[in-house]
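Numbering (our numbering), first residue to last: 727 to 1203.
Notes for the one structure printed next.
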């Protein structure tokens, strides 16, 4: 700030000394002329009077240097022009010279003080104009209030945000401008403008302590559009996630049909057996068993449909602590459909000490389904069709889910683009599955990556923060 004010002060105009010297010679000449004219025409016979007046004027108006020039010009001239005058004696000349020196010193000192005061006033005025322009023109919305809650200054940005069309002379109360608690003004506030708009403001303040009063500078930031944009972005992301889930299930259409048709066909067979048994007049016990089996298969088909419904429906992000082992097993039930459709072998390893993860279960199930579906598609044309899913907790406070396949691996040139949206090597693919997966994992404070295996195939893994299961924490305690 000192450097800034120094730059502002450098613009001060400095009076030019040469003009003062010219004025001093002019004053001296005028004094000599007036003394001569007064003596010959008006009978004013005071040879040193005009000289002293000129010294006083020069000292108090232009300073000691200029007054000295006036004295050196007028006093010798008075002595020369009035040499025969009785008042012009060596003693009087010395007295006038000494008195002139006193006038020069005193007047010069007063002139210096006046010039310093004028310079300081100009400096303060320029600083005031500069700071006022900074306060008024800054895009940051600011207002200043006193300890009584009265707004003493408000800039144009704050007036624009708050919808106030007033000048600085209008009386405003802080409680009227920013309704709500006044003891702690900082924080987020909802206000209703006069035009009906509702704004969400972020307010912060800084206290300023003066000798006789206390002020606070209040900064206002309008977050209404940012919050609306964030809400819109969240809605678009939710729609994209739902689209990703719908796309994933659409690719599993035949597998889903098989998963539902198989238990329904079995239920139909058991129902047929029960029908035949009833036709033969069999006992109730002989009919109950096939009917119960049919019900089990019907409930199994209903469970498949329920899982698919829960997976596809739109719901807000609801992170909660979930048993990681149960999550992996539930996610694999859906992803296994894709593996079976590819006529591949699925091997599963889930560690016993996974603990709990803070997640939205549906979104993490979507990540597992995307990885298993990609792995199933990768091994479709391979002589060895094997997909492996591993869930481990080798790193403290972290759960790692890994999917390994025996396919051709990541296509050359795509190693750095596998998570880029709409980048895909599939003829009928959208290229959004892995991008959505990265978005989900990142939102859960995890990481996701993939690489081609040295022996062939690809490995993709992602991590999630975890904690020990409650019973393990209780035992440790």
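Note that CB positions come from ideal geometry on N, CA and C, so glycine has one too.
Simplified DSSP assignment, three categories, for residue i
{"i": "residue 791", "result": "helix"}
{"i": "residue 957", "result": "helix"}
{"i": "residue 912", "result": "coil"}
{"i": "residue 874", "result": "coil"}
{"i": "residue 931", "result": "strand"}
{"i": "residue 1024", "result": "helix"}
{"i": "residue 894", "result": "Its pLDDT being 47, under 50, residue 894 is placed unreliably in this model, and the value from its coordinates should be taken loosely. In this structure, residue 894 counts as coil in the three-state DSSP scheme."}
{"i": "residue 1140", "result": "coil"}
{"i": "residue 797", "result": "helix"}
{"i": "residue 866", "result": "coil"}
{"i": "residue 1058", "result": "helix"}
Beta-carbon gap between residue i and residue j smaller than 7 Å
{"i": "residue 1132", "j": "residue 1094", "result": "no"}
{"i": "residue 830", "j": "residue 785", "result": "yes"}
{"i": "residue 1260", "j": "residue 890", "result": "With the chain covering only 727 through 1203, there is no way to say anything about residue 1260."}
{"i": "residue 1064", "j": "residue 1097", "result": "no"}
{"i": "residue 1112", "j": "residue 1075", "result": "no"}
{"i": "residue 1047", "j": "residue 1082", "result": "yes"}
{"i": "residue 781", "j": "residue 795", "result": "no"}
{"i": "residue 1086", "j": "residue 1045", "result": "yes"}
{"i": "residue 1172", "j": "residue 1189", "result": "yes"}
{"i": "residue 875", "j": "residue 857", "result": "no"}
Contacts around residue i, its chain only, beta-carbon distance under 7 Å, and the 5 residues preceding and following it disregarded
{"i": "residue 834", "result": "785, 789, 790, 793"}
{"i": "residue 1077", "result": "1117, 1118, 1119"}
{"i": "residue 839", "result": "none"}
{"i": "residue 1178", "result": "1135, 1136, 1184"}
Euclidean distance between Cα positions of residue i and residue j
{"i": "residue 819", "j": "residue 801", "result": "8 Å"}
{"i": "residue 824", "j": "residue 843", "result": "29 Å"}
{"i": "residue 1194", "j": "residue 918", "result": "48 Å"}
{"i": "residue 877", "j": "residue 920", "result": "18 Å"}
{"i": "residue 1159", "j": "residue 902", "result": "51 Å"}
{"i": "residue 799", "j": "residue 850", "result": "38 Å"}
{"i": "residue 940", "j": "residue 871", "result": "9 Å"}
{"i": "residue 952", "j": "residue 926", "result": "10 Å"}
{"i": "residue 1124", "j": "residue 1169", "result": "15 Å"}
{"i": "residue 1090", "j": "residue 1162", "result": "11 Å"}
{"i": "residue 933", "j": "residue 923", "result": "30 Å"}
{"i": "residue 1072", "j": "residue 1174", "result": "21 Å"}
{"i": "residue 1069", "j": "residue 1122", "result": "36 Å"}
{"i": "residue 1100", "j": "residue 957", "result": "31 Å"}
{"i": "residue 945", "j": "residue 936", "result": "19 Å"}
{"i": "residue 1144", "j": "residue 948", "result": "38 Å"}
{"i": "residue 1191", "j": "residue 852", "result": "59 Å"}
{"i": "residue 854", "j": "residue 884", "result": "20 Å"}
{"i": "residue 1051", "j": "residue 1079", "result": "8 Å"}
{"i": "residue 898", "j": "residue 942", "result": "15 Å"}
{"i": "residue 822", "j": "residue 938", "result": "52 Å"}
{"i": "residue 1181", "j": "residue 1088", "result": "33 Å"}
{"i": "residue 1164", "j": "residue 904", "result": "42 Å"}
Residue from the options with nearest C-alpha to residue i
{"i": "residue 1186", "options": "948, 1127, 1122", "result": "1127"}
{"i": "residue 914", "options": "928, 850, 847", "result": "928"}
{"i": "residue 859", "options": "845, 873, 879, 874", "result": "879"}
{"i": "residue 1108", "options": "1122, 1135, 1119, 1087", "result": "1135"}
{"i": "residue 960", "options": "1177, 1189, 1166, 1180", "result": "1166"}
{"i": "residue 950", "options": "943, 942, 938, 916", "result": "916"}
{"i": "residue 836", "options": "1114, 777, 1180, 787", "result": "787"}
{"i": "residue 1129", "options": "1058, 756, 777, 1049", "result": "1058"}
Neighbourhood of residue i by C-beta distance below 6 Å, restricted to the same chain and skipping five residues each side
{"i": "residue 1203", "result": "The pLDDT assigned to residue 1203 is 43, lower than 50, so where the model puts this residue is not dependable; a value taken from the coordinates is nonetheless given after this. So the list is empty, once near-sequence residues are dropped."}
{"i": "residue 881", "result": "861, 862, 868"}
{"i": "residue 864", "result": "none"}
Same chain only: Cβ atoms within 8 Å of residue i, ignoring 5 sequence neighbours per side
{"i": "residue 912", "result": "929, 930, 931"}
{"i": "residue 1062", "result": "1072, 1098"}
Residue i: CB within 6 Å of a non-hydrogen atom of the ligand COA
{"i": "residue 1098", "result": "Because no ligand of any kind appears in the structure shown, any question about the ligand COA cannot be addressed here."}
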